[in-house]
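Undergrad: Plus 786 on top of the position in the sequence shown (first one is 1) and you've got my numbering.
Using N, Cα and C, we set each Cβ at its ideal position, and we do this for glycine too.
Keep in mind the model is a prediction, meaning the values are calculated, not measured.
Below you will find the structure I want to go over with you.
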Amino acid sequence: MSNLAGGRGEEPLKSERGDNQLARDYERCAAITRRSSSNFYYAFMLLPADRRRALNAVYAFCRFVDNIADDEGSREPAAMLDRWRRELDAVYAGTPAHAIARALADSVRRFNLHRRYFDEVIAGVEMDLAHKRYETFDDLRLYCYRVASAVGLICIELFGYRNPRSAVYAENLGIAFQLTNILRDISEDAARDRIYIPLEDLRKFGVTEQQILEGRYSPEFRALMDYEAIRAQTFYSAAVDSLPGEDRMSLLSAEAMRMIYRDLLNRIIKADYRVFNHRYRVPAPRKLFLVGRVWAGSHLGFAPI
């Protein structure tokens, strides 16, 4: 499916031919990645420089678009999203204006990244603007696919893969990541009057919306969170099961992210879901250890965990 292996990613940056603007654009994207998502930043360390630059551009675009839904000071979020959709038009027309879009356009050209997944990311942010609750898991799963799985599908196009089952891997992994984020950020989201845990699940365990919004811990809440964590673990396991052996080396960065995010989920579980007064993180030394384990496992034959 992907034609990236041995593709055009090795050609020199324009800055090497006298134009420093593109190099500055890429550096801005890298700074956004370092500042906004250390989980991704550490996993990107396993990539060659050209693909790491491209991943930074992809991440910066997705972060800018996602922030539109979270920026409570914005009076025109829908209009801002439309502007980024037009900027995406310009990316694929070869006429981008914004610094992030210029870097993204270069990456799209180098690695033949398809537009449909970027459109899915924008559609996911539109869901965020329109909905603050999700009635069923099927509703939530569509949201997770758009804001997380679609990003993963962009990433594997960039990494390069041969077996179509790698797309199933990326979809499962994206949903697992987003479900983990939902558990970690439940208090932060509640402060914005958002509840991502499906309402049908709240009713199943006797937890009210008001309890979530007020940050009240209870045995019922713990049981609900345990249910949601098991669901996330199911998607992590499905990702491992669907990763084709022939693509394991090219998807090392994705595997590093899986290890880091699953470690984050385990920390939330071990803390008995005390998420209302603490935002859980994976410490930097632990991230480095996990990234190193993925690298060593790929070269020395360690089994995935």
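Give the single residue among Phe826, Asp1012, Ala846 and Ile1054 whose Cα lies nearest to the Cα of glutamate 813.
TA: Nearest of Phe826, Asp1012, Ala846 and Ile1054 to glutamate 813, Cα basis: Ala846.
Undergrad: I'd like to know whether the C-beta atoms of tyrosine 828 and isoleucine 1046 end up nearer to each other than 8 Å.
TA: Against a cut-off of 8 Å, the Cβ pair of isoleucine 1046 and tyrosine 828 comes out as a contact.
Undergrad: Just verifying my parser: in three-state terms, what is the DSSP assignment at arginine 861?
TA: Coil at arginine 861, not helix or strand.
Undergrad: Roughly how many whole angstroms lie between the Cα atoms of glutamate 1032 and valine 1026?
TA: Taking the straight line from one Cα to the other gives about 13 Å.
Undergrad: Using three-state DSSP, classify isoleucine 908 as helix, strand or coil.
TA: Reduced to three states, the DSSP call for isoleucine 908 is helix.
Undergrad: Considering just the uninterrupted stretch of the alpha helix (DSSP H) at arginine 1048, what are its terminal residues?
TA: 1038 to 1056 is the extent of the alpha helix (DSSP H) around arginine 1048.
Undergrad: Between alanine 1042 and leucine 1076, which are expected to be in contact by the criterion C-beta below 8 Å, what is the C-beta distance as a whole number of angstroms?
TA: Confirmed, about 7 Å.
Undergrad: Could you tell me which residues DSSP puts in a beta bridge with isoleucine 981?
TA: According to DSSP, isoleucine 981 bridges with Arg919.
Undergrad: Residue ranges of each alpha helix (DSSP H) run of no fewer than 4 residues wholly in the segment 954 to 1021, ordered along the chain?
TA: Whole alpha helix (DSSP H) segments, 4+ residues: 972 to 976, 985 to 991 and 995 to 1000.
Undergrad: Specify whether the segment 983 to 997 and the segment 916 to 930 touch according to this definition: at least 3 beta carbon pairs, one from each stretch, less than 8 Å apart.
TA: A contact exists between the segment 983 to 997 and the segment 916 to 930.
Undergrad: Beta-carbon within less than 6 Å of isoleucine 998's beta-carbon, same chain only, minus the 5 sequence neighbours each way: which residues are those?
TA: Closer than 6 Å at Cβ, skipping near neighbours: Ala976 and Ile981.
Undergrad: Is the segment 941 to 955 in contact with the segment 907 to 917, if contact means three or more CB pairs nearer than 8 Å?
TA: Touching, no.
Undergrad: Whole angstroms are fine: how far does the CA of tryptophan 1081 sit from the CA of leucine 833?
TA: Distance between the alpha carbons of leucine 833 and tryptophan 1081 is about 11 Å.
Undergrad: Going by the beta-carbon positions, is the gap between glutamate 957 and leucine 928 smaller than 8 Å?
TA: The answer is no: Cβ separation not under 8 Å.
Undergrad: How far does the alpha helix (DSSP H) with glutamate 813 in it extend, from its first residue to its last?
TA: Where glutamate 813 is concerned, the enclosing alpha helix (DSSP H) stretches over 807 to 822.
Undergrad: If you count every other CB in all the chains shown that lies within 10 Å of the CB of proline 760, and 16 or more means buried, which is it?
TA: With the chain represented from 787 up to 1091, any question about residue 760 goes unanswered, as that position is not in the structure.
Undergrad: So, alanine 936 versus isoleucine 961, is the Cβ gap smaller than 8 Å?
TA: Not a contact, by the Cβ cut-off of 8 Å.
Undergrad: Indicate the three-state DSSP secondary structure (helix, strand or coil) for leucine 833 in the structure shown.
TA: DSSP places leucine 833 in coil when its eight states are reduced to three.
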